[in-house]
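In our numbering, the protein residues as written are 3 to 467. Glycine residues also receive a C-beta, built at the ideal position from the N, C-alpha and C atoms. Note that the structure is a prediction, hence the values are computed from the model and not measured. Structure first, commentary second.
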Amino acid sequence: MSKLHYPDLQVCVLAAGKGKRMRSNLPKVLHKVLGRAMIDHVLHTVEALQPKAIAMVTGHASEMVREHVGQPVNLDWVIQDKQLGTGHAVKQCEKVIRDVRDVLIVCGDTPLLTVATLARLVDEHRAANTDVTVLTAKPANPFGYGRIVRDEHGNVTSIVEQKDATDAQRQIGEVSSGIYCVRHEVLFDLLHAIGNSNAQEEYYLPDIVPLALNAGQSVAAIAMDDSDEMVGVNDRVDLAHVEDLMQKQIIKDWQRRGVTIEKPDTVRIEAGVKIGMDSVIQAGCYLIGTTHVGDECRVGPNAVLVNAWLDDRVNVYAFSHIHGASVGSDAIIGPYARLRPEAQLDEEVHIGNFVEVKKSVVGRGSKVNHLSYIGDTTIGSSCNIGAGTITCNYDGANKFVTEIGDNVFVGSDTQLVAPVKVGNHATIGAGSTITRDVAEGGLTLSERRPQKYAASWKRPQKDHS
Ligand code: UD1
Ligand code: MG
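Right under this line is the structure:
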């Protein structure tokens, strides 16, 4: 889609409600859908229209919402002290709206909305020179939504909320998405005229429809292509449903961009994740937060990547957990490896089963293949860290650093008691406890107790009597 730009459009985002049905201390719009707060999904979408300005209506826990969103340059905060309804919420924006042709009203609780749909709404509203245009849909289950009431000629006459609808009106399958495009010139006169004599004693935004018709203004309804886009989140059942719908969309997008996803129903790929071409994501993987997977990687099955960075051609085997770590190209991780924050692995590194790496740099081609803990450490290139090696970085109060040079061989079951340095090309014998710096080259090993042999010893035999 070419870049959009609507310099004479004002957007209003309604996000003042508590979202009672969520039963939460968190305001509804801060609940996350695939790792991103609902309000961020909506803002991201409306910002892509490049409108003149965005007015964000908050009320319940407005400080929390404000703190979360920050201060985008073209965003005005509007406080609705009492949540007296969606019409009342839009009315609060009157002061901040400057000269624009139209006002696009969206709810903060419909995160699946797409830019293309909003652009079509505005374009068609303008092409037909309409005063009030509402975006409608025919969802599989219309329960809870405002119903679109039409006269015998098919013209929209009003929108009736679920709680106010007659039994006959509840049979109507066409519903309001809660999204409107309204000519600025008429909007606020209409809003000043709405009342609150309805089941919820709220000032309903949908009531601008009959008021506009009474005033001789034009009203139109535009149907969405895909009713899934307008699914609103009112409780946690909706939240899971919306997440499911968004997940399917995101997975399809990656598949179309050249990513193979095995058993897609078992995989979670959050909204902020990036995946390169010809990568394969196997069953049960969780790709979370800002995770980046390069080209031609293979991940899984059942790997968890949280804010992780994988370069190209990385293999992450089953049940590995990578959190806040970066992995260079052609590296091999796992199975059952754990990379923790600030682990930085260079190209061609191998990290094997039951190895934990934290806040450490591992140089090109080095291998830590079995049962090790590497913390607060730098390892040079081409090292081999033997099975069971532990960097003892913590004395119970403070953390200390281990520095290992290039081409070092550390024998199995070695403890490196930090702070300690190991020179280039050094070899450390198996079972050593290293408490002082190790010189370059040569063999270093801690004193071993002599091995004994008892020729006359007999292994106890099982009694079969
Ligand atoms: C609303 C619409 C309904 C539509 C549905 C689509 C009204 C009266 N109803 O119903 O026609 O089918 O959305 O999802 O408009 N809000 C405020 N201030 C308020 C009240 C609400 O800012 O005083 C915000 C909420 O935070 C929310 C949005 O407006 O983001 C919609 O409110 P909600 O209570 O979810 O309305 P619905 O019952 O979903
Ligand atoms: Mg809603």
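Should residue i and residue j be called a contact, given that it needs their Cβ atoms to be closer than 8 angstroms?
i	j	result
Thr-435	Leu-445	no
Ser-229	Pro-141	yes
Met-66	Val-80	no
Val-124	Leu-137	no
Ala-333	Glu-344	no
Val-316	Ser-328	no
Glu-176	Arg-149	yes
Val-134	Val-98	no
Lys-54	Gln-94	no
Gly-274	Gly-37	yes
Val-117	Asp-10	no
Pro-113	Val-211	no
Thr-391	Gly-377	no
Val-35	Leu-241	yes
Does the beta carbon of residue i fall short of 7 angstroms from some heavy atom of the ligand UD1?
i	result
Ala-214	no
Leu-86	yes
Val-67	no
Leu-207	yes
Ser-281	no
Glu-163	yes
Ser-179	yes
Val-48	no
Asp-111	yes
Ala-222	no
Val-351	no
His-372	no
Ala-17	yes
His-294	no
Gln-82	yes
His-90	yes
Val-363	no
Lys-34	no
Gly-61	yes
Lys-30	yes
Who are the Cβ neighbours of residue i in its own chain at under 6 angstroms, not counting the five residues just before and after it?
i	result
Leu-471	No statement about residue 471 is possible, as the shown extent of the chain runs from 3 to 467 and does not include it.
Lys-369	His-352 and Asn-386
Pro-303	Gln-284, Ala-285, Gly-286 and Ala-320
Leu-307	Leu-289, Thr-293 and Ile-324
Tyr-205	Leu-86, Gly-87, Gly-89, His-90, Ile-196 and Asn-198
Asp-348	Gly-330, Gly-365 and Arg-366
Within its chain, find whatever has a CB closer than 7 angstroms to the CB of residue i; leave out the 5 residues flanking it on each side and keep chain order.
i	result
Leu-447	Ile-430, Gly-431 and Ser-434
His-7	Gln-52
Leu-193	Gly-89, Val-92, Lys-93 and Ile-210
Sorry if obvious, but does the Cβ on residue i come closer than 7 angstroms to a heavy atom of the ligand MG?
i	result
Gly-133	Before going on, a small fix: residue 133 reads as Asp here, not Gly. Asp-133: no, Cβ never under 7 angstroms from the ligand MG.
Asn-304	no
Gly-234	yes
Between which two residues does the alpha helix (DSSP H) harbouring residue i extend?
i	result
Arg-152	Run containing Arg-152: none in the alpha helix (DSSP H); it sits in the beta strand (DSSP E), 149-152.
Thr-119	117-129
Ser-448	Per DSSP, Ser-448 belongs to no alpha helix (DSSP H) and is neither H nor E.
Leu-45	40-49
Val-419	Per DSSP, Val-419 belongs to no alpha helix (DSSP H); it is in the beta strand (DSSP E), 417-419.
Val-162	Premise fails: Val-162 lies in the beta strand (DSSP E), 158-162, not in any alpha helix (DSSP H).
Ala-88	Sequence inspection shows Thr at residue 88; the Ala mentioned does not correspond to that position. That run of the alpha helix (DSSP H) goes 88-93.
Val-71	64-71
Asp-169	169-172
Determine the extent of the beta strand (DSSP E) in which residue i is found, giving its start and end residues.
i	result
Asn-355	352-355
Lys-54	53-60
Pro-212	Element bounds for Pro-212: not the beta strand (DSSP E) but the alpha helix (DSSP H), 210-216.
Val-15	8-17
Ile-253	Counting along the chain, Ile-253 falls outside any beta strand (DSSP E), though it belongs to the alpha helix (DSSP H) covering 238-258.
Val-422	422-424
Gly-180	177-185
Val-105	104-109
Gly-377	375-377
Val-370	369-372
His-323	323-325
Val-306	306-308
Trp-79	77-81
Can you list, in chain order, the residues of its chain with a C-beta nearer than 8 angstroms to that of residue i? Leave out the 5 residues immediately preceding and following it.
i	result
Ile-381	Ser-362, Val-363, Val-364, Gly-365, Ser-368, Val-370, Ile-387, Ile-406 and Val-410
Met-2	An answer regarding residue 2 cannot be provided, because it is not within the stretch 3 to 467 covered by the chain.
Thr-159	Val-151, Arg-152, Asp-153, Val-211, Pro-212 and Leu-215
Under the criterion of a Cβ to heavy atom distance below 7 angstroms, does residue i qualify as lining the ligand GDP?
i	result
Tyr-147	Here the bound small molecules are the ligand UD1 and the ligand MG; the ligand GDP is not part of this structure.
Distance cutoff 8 angstroms, beta carbons only. Does residue i sit that close to anything in chain C?
i	result
Asp-153	The structure shown has no chain C; it contains just one protein chain.
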